[in-house]
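See structure below.
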Amino acid sequence: MSCIIKKKNIIWIWGAVLLNMNLVHLQLISNINTTGLIITAPNAGIVLLHKGHYIPSDHVIYNTAMFPMTTNTCYLLPIREARKIPACKDFAILTRHKRLITDIITIGTSALALGTATASMILTKNLEKKVNQFQHNIKIIADRLELGEARMIQFEKNQMQLGMILQQSENLLNSTINQVNQHSSTLEAFQKQLNDYQQNLLTLQHRVIENNQDTVHRFLSLAIHDIINNKPTLGFLHPSDLQLVIKTILQENNVTVSNMAEQIPMVELITKLIIRQQIDFVPAELYSDINNIEIGKLTFTTFYAMPNDQKPHFNIYKVITGPFIHNNKVVRLAQMPSYIGINQKSNSSITWTSDDLSTCTFDQITTCRETPAEKPLGLGNTCLEQILDGTKLISCRTEETKLDLPHIQQIQSVPNGTTIHCPGFNLPGSIIPDTKAIINIIKNLSQIEENEEIIDMHKELNSNATWEKLPYVSGDVDALIQHMLSQTTQVSRHIYMTPPDNQDSKQFPILHYIVIGILVVVIIIALVTWCIKRSAASKITIALPSLIG
192 MSCIIKKKNI IWIWGAVLLN MNLVHLQLIS NINTTGLIIT APNAGIVLLH
242 KGHYIPSDHV IYNTAMFPMT TNTCYLLPIR EARKIPACKD FAILTRHKRL
292 ITDIITIGTS ALALGTATAS MILTKNLEKK VNQFQHNIKI IADRLELGEA
342 RMIQFEKNQM QLGMILQQSE NLLNSTINQV NQHSSTLEAF QKQLNDYQQN
392 LLTLQHRVIE NNQDTVHRFL SLAIHDIINN KPTLGFLHPS DLQLVIKTIL
442 QENNVTVSNM AEQIPMVELI TKLIIRQQID FVPAELYSDI NNIEIGKLTF
492 TTFYAMPNDQ KPHFNIYKVI TGPFIHNNKV VRLAQMPSYI GINQKSNSSI
542 TWTSDDLSTC TFDQITTCRE TPAEKPLGLG NTCLEQILDG TKLISCRTEE
592 TKLDLPHIQQ IQSVPNGTTI HCPGFNLPGS IIPDTKAIIN IIKNLSQIEE
642 NEEIIDMHKE LNSNATWEKL PYVSGDVDAL IQHMLSQTTQ VSRHIYMTPP
692 DNQDSKQFPI LHYIVIGILV VVIIIALVTW CIKRSAASKI TIALPSLIG
């Protein structure tokens, strides 16, 4: 029975699966493909998978990113540096002071309090003098006001005419005030809406600034965590700065991208070239004397190992060991490296064990922070060299193992969602991933604001631009005021305590009474005259001659 698997001109035949006393005998028959992607050695149960080309780095470049730190970022600083900064009070070490120092401080505080009390008493006396002087000045001002009231009483001659003109002016002023009040109410409403919009804008601006700061601090915290855990990252850089860094590295160092690495983003390619990252803190006292909220700068220095394409490269192979029959036992090779690099031009090799893989990547792109020692093929792993040369295995160590057929999956990949059925075993493919998009809302910070009406100032001003016609006032007011100012009046020696407003209010009814009295007297005189004339006419007698004779 046999199982035949075909892919990219690679033919694998797993056959002669025999069951003899519960022991599975497996013999691997293979052909070396023409592309050199896979090298097999059936007699040693080993397979070499080609992973790519590796070029050792011959020079190192670096760049530094600096971030200003405030008192809100004390938790991102090293504890030793944070304790040196007064603003980071939570990291300060509390020390116990001696009692003598405490007593001296108490005495100094008492002396300071006594001096403060004495100074306060002196200031109180000076304040009393100032108050007395102020009262005297107020009395002088009161006397002058009384004298001014006495002078105002002299303006009695033209009060009637002035009162009528002032009444018209008052009507005009009231009408104007009404119109102004209406427009003032409209402007107040507009001002209130503008204040609301301005407050919302300031709130939004404050939230945007806080959001930016929180985002920066979050990325810095994640970057520090990755760097401390030996994970290279460029997540602390702004996208625009990251683009500039990548562009500069590619232009100045003439980095070429292989066909295998074209499917990964450029930022991942640059990240894989990082060999070291260092975090330093620079206190603000070293570069600035200004006392502000900035406590220092946090610097990220990144070192990149740049390969030289002019140098010969190594072909990197992944070493996969499987069970094989040796002296009627199922064994596998022991103490074999995980990866091997072969340089055909220099006839040398480099190897990586499982302990050396933490700083290397052999997937889409082959990079390693530390290059192992390069050894000639005759002085390297003699067992592996005997396997590659096809000679008898003399220097190889073996260990007993169980027959583990799933090793085939490391060599031949099975399509997703399919299963290859072979005699005695099956090779299932990977599970088909679910590509359905899932949205998880972690925290909703959105705020639904009221849809307020937008202010149209042009429309409102045009609709209220026409005012009502105001009453006409003649130009006699200026002439009357000039006439009153030109009059010379003698100041009365007597100070009348009656307010002028009461005299003006009493003078208008007296004039009305005088006019009414004159009218009544004229009417009475007219009635008396009419009665006298009538009575005189009634007393006239006509004498007729007597007819008797």
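Just so you know, the sequence shown maps onto residues 192 to 740 in this note's numbering. We treat Cβ as the ideally placed atom computed from N, Cα and C, and that holds for glycine. No experiment lies behind these values; they were computed from the predicted model shown.
Identity of the residues DSSP links to residue i by a beta bridge
i, result
"residue 547", "Per DSSP, none; premise fails for residue 547."
"residue 495", "252, 465"
"residue 505", "245"
"residue 485", "261"
"residue 520", "517"
"residue 612", "617"
"residue 552", "558"
"residue 512", "237"
"residue 490", "257, 471"
Host beta strand (DSSP E) of residue i (start-end)
i, result
"residue 249", "248 to 261"
"residue 232", "229 to 232"
"residue 558", "557 to 559"
Reference residue i, options the options, closest by Cα
i, options, result
"residue 533", "240, 724, 307", "240"
"residue 588", "235, 495, 231", "235"
"residue 261", "328, 232, 331, 474", "474"
"residue 237", "517, 528, 511", "511"
"residue 263", "326, 498, 411", "411"
"residue 564", "582, 585, 531, 586", "531"
"residue 590", "330, 362, 525", "525"
"residue 250", "536, 499, 579", "499"
"residue 486", "258, 720, 721, 385", "258"
"residue 507", "553, 501, 463", "553"
"residue 573", "528, 546, 384, 556", "528"
"residue 549", "539, 540, 562, 538", "562"
"residue 232", "538, 523, 537, 551", "523"
"residue 504", "228, 230, 246, 229", "246"
"residue 541", "576, 712, 513", "576"
"residue 443", "431, 578, 495", "495"
Separation of residue j from residue i, as counted between CA atoms
i, j, result
"residue 395", "residue 321", "51 Å"
"residue 243", "residue 267", "40 Å"
"residue 458", "residue 617", "40 Å"
"residue 488", "residue 253", "18 Å"
"residue 560", "residue 466", "5 Å"
"residue 691", "residue 357", "Confidence is the limiting factor: at residue 691 the pLDDT is only 45, short of 50, which leaves the residue's position unreliable, though a coordinate-based value still follows. About 15 Å."
"residue 406", "residue 368", "55 Å"
"residue 421", "residue 388", "49 Å"
"residue 256", "residue 556", "26 Å"
"residue 304", "residue 425", "58 Å"
"residue 390", "residue 381", "14 Å"
"residue 403", "residue 436", "22 Å"
"residue 520", "residue 543", "29 Å"
"residue 722", "residue 710", "19 Å"
"residue 309", "residue 301", "13 Å"
"residue 271", "residue 479", "21 Å"
"residue 463", "residue 497", "10 Å"
"residue 333", "residue 363", "34 Å"
Unbroken alpha helix (DSSP H) run spanning residue i, endpoints
i, result
"residue 438", "430 to 444"
"residue 279", "Per DSSP, residue 279 belongs to no alpha helix (DSSP H) and is neither H nor E."
"residue 575", "573 to 580"
"residue 273", "270 to 273"
Which of helix, strand or coil DSSP assigns to residue i
i, result
"residue 380", "helix"
"residue 421", "coil"
"residue 585", "coil"
"residue 538", "coil"
"residue 325", "helix"
"residue 565", "coil"
"residue 590", "strand"
"residue 236", "coil"
"residue 426", "coil"
"residue 405", "helix"
"residue 219", "In this prediction, residue 219 scores a pLDDT of 31, lower than 50, which makes its location untrustworthy; no coordinate-derived value is stated."
"residue 626", "Interpretation of residue 626 is limited by its pLDDT of 44, a score under 50 that renders its predicted location unreliable; the figure taken from the coordinates is listed afterwards. If DSSP states are grouped into helix, strand and coil, residue 626 belongs with coil."
"residue 471", "strand"
"residue 530", "strand"
"residue 720", "helix"
"residue 705", "helix"
"residue 332", "helix"
"residue 725", "helix"
"residue 360", "helix"
"residue 375", "helix"
"residue 454", "coil"
"residue 266", "helix"
"residue 308", "helix"
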